[in-house]
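My numbering numbers the first residue of the sequence shown as 3 and each following residue consecutively.
Every residue gets a Cβ at the ideal spot worked out from N, C-alpha and C, and that includes glycine.
Comments concern the structure below.
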Amino acid sequence: MKKEILRTEGDVNISPGRTKWMESNNSHKETQHLLAEDERLFLHQSMSTPCIDVLEACNNATICNIQGKSYLDFHGNNVHQVGFANPYVIEQVKKQLDELSFCTRRFTNRTAITFADTLTSLLPKDLNRVLFAPGGTSVIGIALKLARVVTGKHKVISYWDSFHGASMDAISAGGEAVFRQHLGPMMPGAIRIPPPMNNNGFFEDEMKSADYLEYVIEKEGDIGAFIAETIRNTDVQIPSKKYWKRVREICDKHDIILILDEIPIAMGRTGKMFAFENYDIEPDILCLGKGLGGGIIPFAAMVCRERYNIAQNISLGHYTHEKSPVGCAAAQAVIDYIKNEDLLKKVKIDGDWIENELYKLQQKYAIIRNIRGIGLLWGIELRHSHNDKSATEEAEKVMYSCLEQGLSFKVSQGNVLQLSPALTIERHELERALEILDNAFSIL
Ligand SMILES: Cc1ncc(COP(=O)(O)O)c(C=O)c1O
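Pasting the structure below:
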């Protein structure tokens with residue numbers, strides 16, 4: 003298949019920038035050997051294989067390659083809210099492994115029950131039924147199926163450019179066309195609307211996206227659900243409270259199930275345990291994953307309204323590791339750690355600091371068109387000042403320069419540098435990251 007460069011969720015590994023990086027980082031024999039072996043054995047994909055480097059260790063906010071070089075990891079696949087190799091999470095996981103390492107279907111276990119209780123106690127009163135699964139995409143699938151069962155309708159609305167996972171049902175409902183290319187036919191009934199982007203979106207006013215949602219619901223007449231990320235993680239799109247309140251109203255008025263996908267951004271990323279808490283709204287179904295397993299155990303959860311508990315005769319989430327005691331132990335430890343360490347408070351303080359620093363950077367470099375973020379999730383959007391065009395090449399240059407200097411992050415949509423550090427990152431590390439970014443922009 004032709005190697006077109008399609009930039010969406012993250013930066014790609016077939017760009018000229020990548021070739022240059024590989025050529026200038028080819029002196030370490032074992033690294034070269036392992037990268038070649040990896041390339042020989044794994045199926046190639048644009049955002050993973052061939053890979054960029056070989057890791058040997060990870061700890062809190064950093065990852066370390068086999069040559070001993072450390073990178074501050076502001077990417078982390080969004081699993082590192084409590085830091086990599088969090089000692090408390092590891093201790094709890096080890097304890098669980100010694101006690102009960104797996105729970106066979108038809109049986110339950112104390113750890114799963116305790117964690118289900120902990121999770122639902124943090125959520126609005128009526129969000130109190132859970133299903134667990136080994137990954138985010140799986141709980142999205144469960145949510146979509148549950149919405150069909152509850153409403154009797156198969157149609158679902160989502161945003162163009164949204165991402166909800168890589169399986170066939172998730173790419174069908176998702177809005178990134180490149181994820182569907184060459185793969186059809188897709189699941190029927192997915193209808194997409196323009197997202198409420200706060201700059202350079204389809205609508206000048208984000209509320210128009212809400213109006214359009216209602217328009218489509220009324221025109222179609224048989225929509226079951228609306229699925230969206232509360233805050234778009236990859237290119238950091240943050241709707242207003244007014245927008246979300248209006249969407250909630252629309253869903254209530256038309257009996258549409260509101261599925262919020264917070265797989266990458268819950269567990270404190272936005273300064274709240276769950277992102278929807280920033281908006282004074284409640285979802286009907288909430289999807290969690292990634293950092294829920296502490297970056298150690300693949301683990302995800304779907305939480306829904308009590309009244310949706312009506313599918314006794316079907317298996318909506320028939321996953322082998324459903325009531326995983328080890329996954330639940332990790333997730334319990336993540337929540338306990340966030341609370342015990344008062345991490346949400348730290349995120350707010352660090353978020354204010356980073357916002358200030360990023361605005362200073364924007365004053366210095368005209369190519370920085372927009373800074374946006376919340377808590378410890380930030381996006382730096384690059385555009386050419388003379389024509390407002392996406393500065394894709396420059397974004398890649400900044401990224402590779404930062405990698406060279408020991409800071410890793412992803413570039414989303416080709417021109418948004420996404421900064422998503424461990425919430426446990428130390429202030430001097432944040433300072434170092436900003437210094438590295440400044441250096442990278444200065445040599446553009
Ligand atoms: C918003 C969103 N939803 C769902 C998923 C799928 O999660 P997983 O990769 O754990 O299946 C992702 C993964 O990147 C995501 O970013």
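Comparing alpha-carbon positions, which option in the options lies nearest residue i?
i    : options                : result
E25  : I54, L43, Q47          : I54
N329 : P190, A303, I376, D352 : The identity of residue 329 in the sequence shown is Gly, whereas the question assumes Asn. Nearest C-alpha to G329: A303.
G273 : K347, R307, F301       : K347
W23  : V400, E433, A227, I373 : V400
A145 : Q69, L290, I337, E206  : L290
A114 : A63, V95, P190, G375   : V95
R429 : L74, C60, T33          : L74
F104 : P327, L439, H388       : P327
I233 : I267, P136, H388       : I267
Ignore the nearest five residues each way along the sequence and tell me which others in residue i's own chain have a CB closer than 6 Å to its CB.
i    : result
K412 : G12, D13, H77, Q420
L436 : E359
S160 : A175, G177, R194, I229
Leaving aside the five residues before and after residue i along the sequence, list all residues of the same chain whose C-beta is less than 8 Å from its C-beta, in chain order.
i    : result
M209 : P198, K244, Y245, R248
T51  : N15, D40, E41, F44, L45
L57  : I65, C66, N67, I68
Near residue i, which residues of its chain fall below 7 Å by C-beta distance, leaving aside the five closest residues on each side in sequence?
i    : result
I283 : W246, K247, R250
E398 : D13, S17, G19, V413
G270 : Q83, I340, L345, L346, V349, L425
D224 : K155, K157
I370 : L363, Q364, I382, L384
Please list the terminal residues of the continuous beta strand (DSSP E) segment that includes residue i.
i    : result
M189 : Counting along the chain, M189 falls outside any beta strand (DSSP E), and DSSP gives it neither H nor E.
Y73  : 72–75
Y161 : 157–161
M304 : 302–307
G226 : 225–231
Q420 : 418–421
Please report how far the alpha carbon of residue i lies from the alpha carbon of residue j, in whole angstroms.
i    : j    : result
I382 : I373 : 5 Å
H323 : S29  : 42 Å
N130 : C66  : 40 Å
A168 : E264 : 16 Å
N80  : E308 : 29 Å
L446 : R150 : 51 Å
E396 : L384 : 8 Å
G203 : P196 : 8 Å
H184 : F205 : 29 Å
G85  : G297 : 8 Å
I142 : A172 : 7 Å
L379 : E431 : 16 Å
T116 : K325 : 11 Å
D163 : L262 : 16 Å
L363 : S392 : 18 Å
D394 : H166 : The question names Asp, but residue 394 in the sequence shown is Thr. Computed Cα separation, rounded: 24 Å.
Q334 : A59  : 24 Å
Verify the contact flag: residue i, CB atom, against every heavy atom of ligand 2, threshold strictly below 6 Å.
i    : result
H166 : The model depicted lacks ligand 2 and carries ligand 1 instead.
Does residue i come within less than 7 Å of chain B when only Cβ atoms are used?
i   : result
Y90 : This model lacks chain B altogether, as it is built from one protein chain only.
Determine the extent of the alpha helix (DSSP H) in which residue i is found, giving its start and end residues.
i    : result
D254 : 243–256
F181 : 179–182
G19  : 18–26
Entirely within the stretch 336–415 and at least 4 residues each: give me those alpha helix (DSSP H) ranges in chain order.
345–366, 394–407
Whole beta strand (DSSP E) runs in the stretch 66–115 with 3 or more residues, listed along the chain?
72–75
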